[in-house]
Structure formats: structure tokens, C-alpha cells
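Here's the structure, in C-alpha cells; my notes come after.
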Amino acid sequence: MFFFFKLFLTTHISISHIAIELPHQFKKQVHRILSVWL
Numbered sequence: 011m012f013f014f015f016k017l018f019l020t021t022h023i024s025i026s027h028i029a030i031e032l033p034h035q036f037k038k039q040v041h042r043i044l045s046v047w048l
């Protein structure tokens, strides 16, 4: 039971971390592309 709870918790944390990290990386990429083109 505790194992499943721990697994759920780590999965949830990693998903929220990815959800935070992805737009940040995306913005950096867009900024880089724009600075190259402009």
C-alpha cells in the first residue's frame, strides 16, 4: 500500500515538474530562434 502511494507521489511530482519545465524550455527555444531571425 505504502509502495503504491510512494509511486503515485513520485509520478505526480515528476509530471508537475515536467509541466513546469516544458514551457520554460519552449520559451527559451522560441527566444533563441527569434533572436537568430531578427
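Quick note on my numbering: the sequence shown kicks off at 11 and runs consecutively.
Ideal Cβ positions, reconstructed from N, Cα and C, are used throughout, including at glycine.
Euclidean distance between Cα positions of residue i and residue j
| i | j | result |
| --- | --- | --- |
| I23 | L17 | 10 Å |
| I25 | F14 | 16 Å |
| W47 | F36 | 17 Å |
| H34 | L44 | 15 Å |
| I28 | R42 | 21 Å |
Cut-off 8 Å between Cβ atoms - residues of its own chain near residue i, not counting five sequence neighbours on either side
| i | result |
| --- | --- |
| M11 | none |
Limits of the unbroken alpha helix (DSSP H) element including residue i
| i | result |
| --- | --- |
| L48 | First-last for L48: undefined, no H or E at that position. |
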